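If you read the sequence shown in my numbering, its first letter stands for residue 995, the second for the next number, and so on.
Ideal Cβ positions, reconstructed from N, Cα and C, are used throughout, including at glycine.
Note that the coordinates shown come from a computational prediction; the quantities given were computed from them, not determined experimentally.
Notes for the one structure printed next.
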Amino acid sequence: MNVSVIIPLYKGKSYVTKLLEKIEINQQISKKKIEVIFVNDYPDEEIVIDKDYGFYIKIINNEFNQGIHQSRINGLKEARGNYILFLDQDDEIKDYFIKSQLEHIGNTDLCIANGIMESANGNCLIYKNKRSQDYLKKQIGFIKVRDLIVSPGQCLIKKTSIPEYWMENTMKVNSADDYFLWLLMIENQCRFSVNYDVLYIHKYTGENVSGSIEQVHKSNREMIDLLIKYCHNVNVHLLERTITYKYLMKKQGKLVPSIKNIDLFLYNTIYQLLWKGM
């Protein structure tokens, strides 16, 4: 099996057919063996597959609501593919996503594609230019700037590179489980590659967890508590300062938090100018 696509669902049965149709096209174009694993995290809803799509489909029904991190782990335990694609139920990928990602991942552990970010203010590229995307390979930005990957749906992950610690320590607060995964991969000295192709669309529904400042911060705090028990290579104390700094800027405004964290302010300013492209 080449690729396992793992999709947690929560009140998500209306998305199933569209997802399967897109993956069917991906299989036809890539000519690779693909399996799809749905993890239904809403026990009151039955997921029914109405036709044969030409690839293996498995439905895991959680006995009770377990959250997105545990749902991803439940799917991963059943996955047979050499590579993993974690999709959210409302994600969209291009027809050639899997073909392109397999061509670009090479001997690295994680390949990050470009994509479109939808928002209430319109759509834009996730990474404005190649330099901005190449910066991901430096990895330091994940510690001194923020989580630089919008969604796991941008990524193809080598299955054997997913840390056991991520699978053994489930986050209770939804939001930062993917950030947790990237940081653990950095800790384990995994290699990141990038794919400049625009392959992914982060849909705007008005209900994205990432839009809740308080929930994101609470999830980030939970992540810090888990990382501090495990990490030796990742500077968790610096990461904690970065997370707190970004949170306080949203709550208090930029001036006071930036003065108190002048080193982070200067680094983030350089990031904006040199890599992100303002």
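Check                                                                                                                                                          : Outcome
With H, G and I counted as helix, E and B as strand and the rest as coil, what does DSSP make of V1210?                                                        : helix
Per DSSP, what kind of secondary structure is G1048 in: helix, strand or coil?                                                                                 : coil
Quick one, which of I1041, Y1265, G1048 and I1110 has its alpha-carbon nearest S1008's?                                                                        : I1041
Quick one: using the 10 Å Cβ neighbour count with 16 as the cut-off for buried, is P1251 buried or exposed?                                                    : buried
For E1086, name the three-state secondary structure that DSSP assigns.                                                                                         : strand
Can the beta-carbon of N1189 be found less than 8 Å from the beta-carbon of S1094?                                                                             : yes
With H, G and I counted as helix, E and B as strand and the rest as coil, what does DSSP make of P1002?                                                        : strand
For S1204, which residues of its own chain have a beta-carbon under 7 Å away from its beta-carbon, when the five flanking residues on both sides are left out? : With a pLDDT of 47 at S1204, under the threshold of 50, the predicted position of this residue should be treated as unreliable, though the coordinate-derived value follows. Within the same chain, S1204 has close Cβ partners S1169 and V1210.
Could you check the C-alpha separation between W1176 and Q1022 for me, to the nearest Å?                                                                       : 30 Å
Which one of N1056, G1075 and R1074 has the shortest CA to CA distance from N1068?                                                                             : N1056
So what's Y1239 in DSSP terms, helix, strand or just coil?                                                                                                     : helix
Just curious, the alpha helix (DSSP H) that K1138 is in, first and last residue?                                                                               : G1135 to K1138
G1181 to M1217, Cα distance in whole Å?                                                                                                                        : One detail in the question is off: residue 1181 reads as Glu in this sequence, not Gly. Approximately 14 Å between the Cα atoms of the pair.
Where Q1064 and H1196 are concerned, what is the direct C-alpha to C-alpha distance, given to the nearest angstrom?                                            : 22 Å
Within a Cβ cutoff of 6 Å, which residues of the same chain sit near F1174, ignoring the five residues on either side of it in sequence?                       : M1217
Pick helix, strand or coil for F1174, following the three-state DSSP scheme.                                                                                   : helix
For a test of the three-state rule: what should DSSP assign to Y1194, helix, strand or coil?                                                                   : strand
How many whole angstroms separate the CB atoms of Y1265 and G1109, which I take to be in contact at a CB cut-off of 8 Å?                                       : That pair is no contact at about 20 Å.
Under DSSP, the alpha helix (DSSP H) around E1097 begins and ends at which residues?                                                                           : F1091 to I1099
Distance, Cα to Cα, P1002 vs L1070?                                                                                                                            : 11 Å
With C-beta atoms as the reference, is Y1036 less than 8 Å away from N1059?                                                                                    : yes
In angstroms with no decimal places, state the Cα-to-Cα distance between V1167 and K1122.                                                                      : 31 Å
List the endpoints of the continuous alpha helix (DSSP H) containing K1071.                                                                                    : G1061 to E1072
So, are the CB atoms of D1103 and C1225 less than 8 Å apart?                                                                                                   : no
According to DSSP, is V1230 helix, strand or coil?                                                                                                             : helix
What are the boundary residues of the alpha helix (DSSP H) that includes L1014?                                                                                : V1010 to S1024
Note down, in chain order, each residue of its chain lying with its Cβ closer than 8 Å to the Cβ of L1193, except the 5 sequence neighbours on either side.    : I1087, K1088, Y1090, F1091, S1094, Q1095, A1107, N1108, G1109 and Q1148
Sorted by chain position, which residues of the same chain lie with C-beta nearer than 6 Å to D1172's C-beta, five sequence neighbours on each side aside?     : P1146
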